[in-house]
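To start, the structure under review is shown below, and the notes come after it.
Protein chains: 2
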Amino acid sequence: MALRVGVVGGGQLARMMIAPAVELGIELRVLAEEEGMAASLAAAAVGDYRDASTVLEFAREVDVLTFDHEHVPQDVLAALVAAGVPVHPGPDPLQFAQDKLLMRARLQELGMPQPEWAAVTDSEQLQAFLDAHGGRAVLKTPRGGYDGKGVRVVSNAAEAEDWFAALAEDARGGGLLVEELVDFTRELAQQIARSPSGEVRAYPVVETVQRDGVCAEVIAPAPHAAGRLSDVAAQIGVGVAEGLGVTGMLAVELFETTDQRLLVNELAMRPHNSGHWTQDGALTSQFEQHLRAVLDLPLGDAAASATWSVMVNILGGPAEGTLDERFAAAMAAHPAAKLHTYGKSPRPGRKVGHVNVIGDDLDEVAYQARAAASLFLD
Amino acid sequence: MALRVGVVGGGQLARMMIAPAVELGIELRVLAEEEGMAASLAAAAVGDYRDASTVLEFAREVDVLTFDHEHVPQDVLAALVAAGVPVHPGPDPLQFAQDKLLMRARLQELGMPQPEWAAVTDSEQLQAFLDAHGGRAVLKTPRGGYDGKGVRVVSNAAEAEDWFAALAEDARGGGLLVEELVDFTRELAQQIARSPSGEVRAYPVVETVQRDGVCAEVIAPAPHAAGRLSDVAAQIGVGVAEGLGVTGMLAVELFETTDQRLLVNELAMRPHNSGHWTQDGALTSQFEQHLRAVLDLPLGDAAASATWSVMVNILGGPAEGTLDERFAAAMAAHPAAKLHTYGKSPRPGRKVGHVNVIGDDLDEVAYQARAAASLFLD
Chain A
4 MALRVGVVGG
14 GQLARMMIAP
24 AVELGIELRV
34 LAEEEGMAAS
44 LAAAAVGDYR
54 DASTVLEFAR
64 EVDVLTFDHE
74 HVPQDVLAAL
84 VAAGVPVHPG
94 PDPLQFAQDK
104 LLMRARLQEL
114 GMPQPEWAAV
124 TDSEQLQAFL
134 DAHGGRAVLK
144 TPRGGYDGKG
154 VRVVSNAAEA
164 EDWFAALAED
174 ARGGGLLVEE
184 LVDFTRELAQ
194 QIARSPSGEV
204 RAYPVVETVQ
214 RDGVCAEVIA
224 PAPHAAGRLS
234 DVAAQIGVGV
244 AEGLGVTGML
254 AVELFETTDQ
264 RLLVNELAMR
274 PHNSGHWTQD
284 GALTSQFEQH
294 LRAVLDLPLG
304 DAAASATWSV
314 MVNILGGPAE
324 GTLDERFAAA
334 MAAHPAAKLH
344 TYGKSPRPGR
354 KVGHVNVIGD
364 DLDEVAYQAR
374 AAASLFLD
Chain B
4 MALRVGVVGG
14 GQLARMMIAP
24 AVELGIELRV
34 LAEEEGMAAS
44 LAAAAVGDYR
54 DASTVLEFAR
64 EVDVLTFDHE
74 HVPQDVLAAL
84 VAAGVPVHPG
94 PDPLQFAQDK
104 LLMRARLQEL
114 GMPQPEWAAV
124 TDSEQLQAFL
134 DAHGGRAVLK
144 TPRGGYDGKG
154 VRVVSNAAEA
164 EDWFAALAED
174 ARGGGLLVEE
184 LVDFTRELAQ
194 QIARSPSGEV
204 RAYPVVETVQ
214 RDGVCAEVIA
224 PAPHAAGRLS
234 DVAAQIGVGV
244 AEGLGVTGML
254 AVELFETTDQ
264 RLLVNELAMR
274 PHNSGHWTQD
284 GALTSQFEQH
294 LRAVLDLPLG
304 DAAASATWSV
314 MVNILGGPAE
324 GTLDERFAAA
334 MAAHPAAKLH
344 TYGKSPRPGR
354 KVGHVNVIGD
364 DLDEVAYQAR
374 AAASLFLD
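Sequences listed follow chains A and B, in order. Just so you know, we're using the working numbering here: the first sequence kicks off at 4 and counts up by one. Just so you know, we're using the working numbering here: the second sequence kicks off at 4 and counts up by one.
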């Protein structure tokens, strides 16, 4: 196919679209933030995604524009739409990924289950929420906030003084988002693919394990989730995708509560870390699916192809120069492990790759994936 | 990894190395025969692989050199080795892939089961072979001969007069290869990966279905082959790989005779059409495995990841300009099918892509793969 997809953002999500694009004959172009990024193997331009003329220039050479992240400003998105560029996901759904207060309000309108929440603009409002919710709550900056940043657990309004001060000086104003501290047993993620034509595919719901606020591990499908829990997760995912008009991949991060309800935590409107397992464990990887969806091609089967898949992130990694040796060691010790690298220089806590393992025995699969990933740590 | 692999030849086999190279962080460079070839998505130089200085220049920028085909002349290979370039497979094994008479003689030394054969230099010798083998035989030109070309079934020595005439004028001389017409029930293929360190991995033996002398379909694993037949196929494969000193991927095409023996038909020292199913149905695809092998990295697990895989080639395809529509139609009707395209303009009989389908029910898997591929035909 001669179809061309432009990806704004040159990180690992764009990079992992390269493999399916090559196999499907889709031409991939990337607008990277700087030289030498993860996706620089694709034909890459370098430029500032906050600059409308830069993005418009880039968009001129592609059939559809999509994203490696959700940070492209609304004015740039509006300029693209005004110029007739097909943009997926579009500005309207993206605003809900860019502003958590907008998201909470919209999910409430849609009747989606979520933690109790409020918009708070000063300490008194926050303290009132704390008093009404057991004295502790999660405070979030509505915009920004990624991988644990912009999120804080507070038990006293005084702990948020710096954020309220910053808010007072923020020209965009608004409030902070405060949410009840959910009593959850585990975190799940539901991925949905949706095309502009309205075709929808739900992936199996997965269990995600966070460490230090960062996704560390994913088990697919989520154990003990068959039946009602899976059905509810898929219903929520489809409801959010359709309700918000998302096109491309959507990830809905969910809390499973101690009383077995599912509550929407966060949304991501792009391929997501919770779906990296699909590269080796699903009939259609999330990266292929995202390309098909944004091009409005028929979607692929989202079923798992393996009984169990476990994905473990490689976080940090060894000192530079020895990554090759770690790869060889991991390959030697775990010949069935699938290694994926992002071409990044290792830094403490930085996601530089991941390991997928598939199989019929979950204990063995998880052991192999964790052991292979651990060989990259010092 | 910063490892660099140079591939001589810019066809679909080189192209299909791109996806695993991206995921493993291997830098792939391709020396293509001309602009716009299948693998041109990788960083590609263009040049003549028969010219030693061109190939040497290309090799200077990579850690190891490998091939998309077996046609690089021995003098070019010798120049590479003399210059200290790691070449896999090396000139010695490659000569057996380049000359079928050398191959037959070497396999005989190794005690490998193969059809009865002879080198014939004139009509009398050919007629004598025919008389001794039921009056019909397969005549092959030792060099060249690809996908049915350079192969002819003869029942009378007079049918070979043109080839003997050509032989008399061929400076490289030698003879023609004549082989008994094997009474086979089906054709199988055994793939082996072997690294320079001597690590060996055998893939499940597969059944290959030829139409008009071209591979049309592959079923993996070969039905009714578990146990003795699989073991013998793997033994033959490993014996050939080790006996000939092959590094990288080796495909051994086999006849299964009516009396259930396996005889070696042809060899290919590179990823092979009979292994395209491994992209979606094996723990390590042949393209990833080839890269690991030629870099002397530890090899991946060669086991199937699905109960059944069926690969059907897309041969020819529709008139130019409508390929996109066929893709969309195949995706819509067969959401679980994995489509792979080579970025080539369709021509009658030309391999322009293939379809893989995996699953637990062979009838259903084969039906889906054939039906999806048939949508590309006019």
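Note that the Cβ used here is the ideal one computed from N, Cα and C, for glycine as well.
Checklist entry - Mind checking if Met-314/B is an interface residue toward chain A, Cβ cutoff 8 Å exclusive? => result Here residue 314/B corresponds to residue number 311 of the second sequence, with the count starting at 1. With 8 Å as the cut-off, Met-314/B does not count as an interface residue toward chain A.
Checklist entry - Between Gly-362/B and the ligand HEM, is the CB less than 7 Å from at least one heavy atom? => result No copy of the ligand HEM appears in this structure; indeed no ligand is present at all.
Item to check | Contact set between His-343/A and chain B, taken where Cβ atoms lie within less than 7 Å | outcome: To locate residue 343/A, count along the first sequence from 1; it is residue 340. Near His-343/A (Cβ distances below 7 Å), the residues of chain B are Glu-26.
Next on the checklist: Which residue marks the beginning of the alpha helix (DSSP H) containing Gly-246/B, and which one marks its end?
Outcome noted: Reading the second sequence from its first residue, position 243 is the one you call residue 246/B. For Gly-246/B, the uninterrupted alpha helix (DSSP H) run begins and ends at 231 to 247, by DSSP.
Checklist entry - At a CB-CB cut-off below 9 Å, which residues of chain B make contact with Ala-309/A? => result Numbered from 1 along the first sequence, position 306 holds the residue referred to as residue 309/A. The answer, in chain order, is Ser-308 and Ala-309.
Checklist entry - Excluding five sequence neighbours on each side, which residues of the same chain lie with their C-beta closer than 6 Å to the C-beta of Lys-275/A? => result Here residue 275/A corresponds to residue number 272 of the first sequence, with the count starting at 1. Residue 275/A is actually His in this sequence, not Lys. The answer, listed in chain order, is Ala-254.
Item to check | Spatial distance of Asp-364/B from Tyr-345/A (CA atoms) | outcome: In the second sequence, residue 364/B corresponds to position 361, counting from 1. In the first sequence, residue 345/A corresponds to position 342, counting from 1. Each residue's Cα considered, the two are about 36 Å apart.
Item to check | Length-filtered (3 minimum) beta strand (DSSP E) runs lying within the stretch 6 to 40 of chain B | outcome: Complete beta strand (DSSP E) runs here, min 3: 7 to 11 and 30 to 35.
Next on the checklist: For Glu-256/B and Val-84/B, what's the separation of their Cα atoms in angstroms?
Outcome noted: If you number the second sequence from 1, residue 256/B lands on position 253. If you number the second sequence from 1, residue 84/B lands on position 81. Their backbone Cα atoms lie some 29 Å apart in a straight line.
Checklist entry - Hey, does Ala-376/B have any beta-carbon neighbour from chain A nearer than 8 Å? => result As a working mapping, residue 376/B is identified with position 373 in the second sequence. For Ala-376/B, no Cβ of chain A is located within less than 8 Å of the residue's own Cβ.
Next on the checklist: Does Arg-353/B come out as helix, strand or coil in the three-state DSSP assignment?
Outcome noted: Position 350 of the second sequence, counting from 1, holds the residue named residue 353/B. Of the three classes helix, strand and coil, the one that applies to Arg-353/B here is coil, per DSSP.
Checklist entry - Looking at C-beta atoms only, is the number of pairs between the stretch 152 to 169 of chain B and the stretch 222 to 233 of chain B that lie closer than 8 Å three or more? => result Segment contact: the stretch 152 to 169 of chain B against the stretch 222 to 233 of chain B, fewer than three CB-CB distances shorter than 8 Å; contact not assigned.
Checklist entry - Just to confirm, are Pro-94/B and Ala-81/B a CB contact at a threshold of 8 Å? => result Position 91 of the second sequence, counting from 1, holds the residue named residue 94/B. Position 78 of the second sequence, counting from 1, holds the residue named residue 81/B. At the C-beta level, Pro-94/B and Ala-81/B come within 8 Å of one another.
Next on the checklist: Within 10 Å of its beta-carbon, does Gln-263/B have 16 or more other beta-carbons around it, so buried, or fewer, so exposed?
Outcome noted: In the second sequence, the residue the question calls residue 263/B occupies position 260. With fewer than 16 other Cβ atoms inside 10 Å of its own Cβ, Gln-263/B counts as exposed.
Next on the checklist: Taking DSSP's pairing of strands, which residues face Thr-260/B in a bridge?
Outcome noted: For this step, residue 260/B is matched to residue 257 along the second sequence. DSSP lists Phe-187/B as the beta-bridge partner residues of Thr-260/B.
Checklist entry - Taking contact to mean at least 3 C-beta pairs separated by less than 8 Å, is the stretch 348 to 356 of chain A in contact with the stretch 293 to 306 of chain A? => result No: the two stretches stay apart, fewer than three of their Cβ pairs being nearer than 8 Å.
Next on the checklist: Any beta carbon of chain B sitting closer than 8 Å to that of Asp-54/A?
Outcome noted: In the first sequence, the residue the question calls residue 54/A occupies position 51. For Asp-54/A, the answer is no, since every Cβ of chain B falls outside 8 Å of its Cβ.
Item to check | Per-residue burial, Leu-380/B [other beta carbons within 10 Å of its own, 16 or more giving buried] | outcome: Here residue 380/B is taken as the residue at index 377 of the second sequence, counted from 1. Exposed: under 16 other Cβ atoms inside 10 Å.
Next on the checklist: Helix, strand or coil for Leu-342/B? Go by DSSP, reduced to three states.
Outcome noted: What you label residue 342/B is simply residue 339 of the second sequence in a count that begins at 1. The answer is strand: DSSP assigns Leu-342/B an E or B state.
Checklist entry - What is the rounded straight-line gap between the Cα of Gly-148/A and the Cα of Val-241/B? => result By one-based count along the first sequence, residue 148/A stands at place 145. By one-based count along the second sequence, residue 241/B stands at place 238. Reliability of the predicted coordinates at Gly-148/A is poor, the pLDDT of 48 falling under 50, and the value obtained from them is presented with this limitation in mind. Rounded to the nearest angstrom, the two C-alpha atoms are 55 Å apart.
Next on the checklist: Taking the alpha-carbon of Arg-7/A as reference, which of Tyr-52/A, Val-208/A, Leu-31/A and Ala-331/A has the nearest alpha-carbon?
Outcome noted: What you label residue 7/A is simply residue 4 of the first sequence in a count that begins at 1. Checking every option, the nearest Cα to that of Arg-7/A belongs to Leu-31/A.
Checklist entry - Taking Cβ to Cβ, would you say Val-358/B is nearer than 8 Å to Leu-342/B? => result Translated into positions along the second sequence, residue 358/B becomes position 355. Translated into positions along the second sequence, residue 342/B becomes position 339. Here Val-358/B is near Leu-342/B, since their CB atoms are less than 8 Å apart.
Next on the checklist: So for Phe-330/A, helix, strand or coil by DSSP?
Outcome noted: As a working mapping, residue 330/A is identified with position 327 in the first sequence. The answer is helix: DSSP assigns Phe-330/A an H, G or I state.
Item to check | Cross-chain neighbours of Gly-303/B in chain A, by beta carbon under 9 Å | outcome: Along the second sequence, one-based indexing puts residue 303/B at 300. Going along chain A in sequence order, the residues near Gly-303/B (Cβ under 9 Å) are Met-334, Pro-338, Ala-339, Ala-340 and Lys-341.
Next on the checklist: For a cutoff of 8 Å on Cβ pairs, would you count Arg-295/A as touching chain B?
Outcome noted: In the first sequence, the residue the question calls residue 295/A occupies position 292. Nearest CB-CB separation between Arg-295/A and chain B: below the 8 Å threshold.
Next on the checklist: Using C-beta distances below 6 Å, list every residue in its chain close to Trp-280/B, excluding the 5 sequence neighbours before and after it, in chain order.
Outcome noted: By 1-based counting over the second sequence, the position of residue 280/B is 277. Hits under 6 Å: Val-221, Ala-223, Ser-312, Met-314 and Asn-359.
Checklist entry - Buried or exposed: which applies to Ala-171/A, given that a residue is buried once 16 or more other Cβ atoms fall within 10 Å of its Cβ? => result Stepping through the first sequence from its first residue, residue 171/A is reached at position 168. That one is exposed.
Item to check | Phe-70/A in three-state terms, based on DSSP | outcome: Indexing the first sequence from 1 puts residue 70/A at position 67. In the structure shown, Phe-70/A falls within a strand segment according to DSSP collapsed to helix, strand and coil.
Checklist entry - Counting contacts by CB-CB distance shorter than 8 Å, is Gly-346/B in contact with chain A? => result As a first step, residue 346/B is located in the second sequence; it is residue number 343 there, counting from the start. It does: the Cβ of Gly-346/B has a partner Cβ on chain A nearer than 8 Å.
Next on the checklist: Tell me the rounded alpha-carbon separation between Asp-366/A and Pro-199/B.
Outcome noted: Counting from one through the first sequence, the residue named residue 366/A turns up at place 363. Counting from one through the second sequence, the residue named residue 199/B turns up at place 196. Using only the alpha carbons, I get a separation of about 34 Å.
Checklist entry - Which partner residues of Asn-159/B appear in the DSSP bridge assignment? => result Walking along the second sequence from the start, residue 159/B turns up at place 156. BP columns for Asn-159/B are empty, so no partner.
Checklist entry - Out of curiosity, what's the CA-to-CA distance linking Ala-121/B and Val-235/B? => result Taking the second sequence and counting its residues from 1, the one referred to as residue 121/B is at position 118. Taking the second sequence and counting its residues from 1, the one referred to as residue 235/B is at position 232. So the alpha carbons of these two residues sit roughly 25 Å apart.
Next on the checklist: Rounded to the nearest angstrom, what separates Glu-73/B and Gly-14/B at their Cα positions?
Outcome noted: Along the second sequence, one-based indexing puts residue 73/B at 70. Along the second sequence, one-based indexing puts residue 14/B at 11. Computed Cα separation, rounded: 12 Å.
Item to check | 8 Å Cβ cutoff, Arg-231/A in contact with chain E | outcome: Checking the listed chains, one finds no chain E in this structure; the protein chains it contains are A and B.
Next on the checklist: Cβ closer than 7 Å: which chain B residues qualify as neighbours of Leu-286/A?
Outcome noted: For the purposes of this step, residue 286/A is identified with residue 283 of the first sequence, where counting begins at 1. Within chain B, the residues placing a beta-carbon under 7 Å from that of Leu-286/A are Ala-339, ordered along the chain.
Item to check | Reference Ala-135/A, options Glu-119/A, Pro-145/A, Val-208/A and Ala-22/A, closest by Cα | outcome: To locate residue 135/A, count along the first sequence from 1; it is residue 132. Out of Glu-119/A, Pro-145/A, Val-208/A and Ala-22/A, Glu-119/A has the C-alpha closest to the C-alpha of Ala-135/A.
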